[in-house]
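Under the numbering used here, residues 112 to 346 are what the sequence shown spells out, in order.
The C-beta atom is built at its ideal place from N, Cα and C for all residues, glycine as well.
Please read these numbers as outputs of a predicted model, since none were measured by experiment.
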Amino acid sequence: MVLDKKQRSAALEFTKQKDPLEGMVKVEEYVDVGTEKVLESPHVSEGPGRIANSPVPSIYVDDRGEIHRFRVGGTRINMLFSKKDVMRSGYLHNHKTFTFVVKGNVELWLLEQEGTTKTVYGAGTFFQIDPFYPHILHFLEDSLILEYWEGQFQCWYYHPYRRLVQLQNELVANCHEEGISSSIGQWQRLVPLDQGEGGTNSVVSALLWLGTGMVVGAVSATGMLWYLAHLSKRK
Numbered sequence: 112m113v114l115d116k117k118q119r120s121a122a123l124e125f126t127k128q129k130d131p132l133e134g135m136v137k138v139e140e141y142v143d144v145g146t147e148k149v150l151e152s153p154h155v156s157e158g159p160g161r162i163a164n165s166p167v168p169s170i171y172v173d174d175r176g177e178i179h180r181f182r183v184g185g186t187r188i189n190m191l192f193s194k195k196d197v198m199r200s201g202y203l204h205n206h207k208t209f210t211f212v213v214k215g216n217v218e219l220w221l222l223e224q225e226g227t228t229k230t231v232y233g234a235g236t237f238f239q240i241d242p243f244y245p246h247i248l249h250f251l252e253d254s255l256i257l258e259y260w261e262g263q264f265q266c267w268y269y270h271p272y273r274r275l276v277q278l279q280n281e282l283v284a285n286c287h288e289e290g291i292s293s294s295i296g297q298w299q300r301l302v303p304l305d306q307g308e309g310g311t312n313s314v315v316s317a318l319l320w321l322g323t324g325m326v327v328g329a330v331s332a333t334g335m336l337w338y339l340a341h342l343s344k345r346k
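This is how it looks when you write it as structure tokens:
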């Protein structure tokens with residue numbers, strides 16, 4: 112569905128209301144957050160494998176913004192640019208996630224035993240999300256964040272939150288003049304390939320160095336033979 116200008120304006124005002132979607136999608140509270148027992152909830156299911164299996168380094172671009180993925184000193188680091196009003200996540204993880212806000216304002220929705228808590232973090236601030244807590248990142252303006260985590264990455268959907276994220280992003284997409292935007296993202300693989308994952312990069316590098324050495328050696332040997340032959344003729 113593509114909204115006309117009047118509908119887009121109304122939708123934009125709707126997204127600016129306090130918790131505009133909570134009345135539309137029921138958020139199930141009182142689940143066993145903070146422990147592995149939360150995984151037994153009927154509202155939780157296995158998350159997208161593409162997150163854990165995404166190439167590193169790489170850039171992923173869609174209508175929400177960009178995700179730049181790196182590995183530095185063995186630590187996986189994501190840099191995310193997110194457009195104003197969009198939401199991300201709707202997941203829970205098996206590890207601590209650490210986030211630094213480079214610019215913008217990010218509202219963290221966190222499901223705790225007493226219900227959903229919301230905290231806004233501005234530029235230059237840091238926050239962490241503990242294991243097995245469902246959460247949403249709501250970007251109140253164009254924002255840039257850095258995130259990294261402990262241990263092996265694993266995530267699950269918390270469906271009540273995930274539905275909120277999807278509905279919010281559909282509303283935001285419809286507020287743009289071009290109408291509804293494509294939800295199909297695009298990958299851009301960066302080079303060199305990630306060191307230590309499969310060893311492909313080190314093998315290719317070794318072959319390149321070997322080939323270069325053989326060429327240089329052959330040229331040097333040819334030059335030396337020519338020089339010796341030239342000396343013998345002079346004698």
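1. Tell me the DSSP secondary structure of Glu157 in three-state form.
2. With 16 other CB atoms within 10 Å as the buried threshold, where does Val149 fall?
3. Tell me the residue span of the beta strand (DSSP E) that contains Tyr268.
4. Tell me whether Thr208 is buried or exposed, calling it buried when 16 or more other Cβ atoms sit within 10 Å of its Cβ.
5. Is Val231 near Leu257, with beta carbons less than 8 Å apart?
6. Since Asp173 is in the beta strand (DSSP E), which residue starts that stretch and which ends it?
7. Taking just the CA atoms, how far does Ser152 sit from Asp196?
8. With a threshold of 8 Å on Cβ separation, who are the neighbours of Val276 within its own chain once the five nearest residues in sequence on each side are excluded?
9. Taking only the alpha-carbon atoms, compute the straight-line gap between Glu261 and His206 and give it to the nearest angstrom.
10. Is the separation between the beta-carbon of His204 and that of Gln265 shorter than 8 Å?
11. Measuring CA to CA, which of Gln279, Thr210, Tyr269, Phe181 is closest to Thr227?
12. In its own chain, which residues sit with a C-beta less than 7 Å from the C-beta of Thr236, not counting the 5 before and 5 after it?
13. What are the boundary residues of the beta strand (DSSP E) that includes His206?
14. Below 6 Å CB to CB, which residues in the same chain sit around Gly322 once its five sequence neighbours on both sides are set aside?
15. Restricting to Cα atoms, I'd like to know which of Asn280, Trp220, Leu278 is closest to Pro245.
Let me lay it out:
1. Strand.
2. A residue is called buried when at least 16 other Cβ atoms come within 10 angstroms of its Cβ; Val149 meets this threshold and is buried.
3. 266-269
4. buried
5. No, the Cβ-Cβ distance between Val231 and Leu257 is not below 8 Å.
6. 169-173
7. Whole-angstrom Cα-Cα distance: 29 Å.
8. Met198, Arg199, Ser200, Gly201, Ile247
9. 6 Å
10. yes
11. Tyr269
12. Val212
13. Careful: His206 lies outside any beta strand (DSSP E) and carries neither H nor E.
14. Interpretation of Gly322 is limited by its pLDDT of 48, a score under 50 that renders its predicted location unreliable; no figure is taken from the coordinates.
15. Trp220
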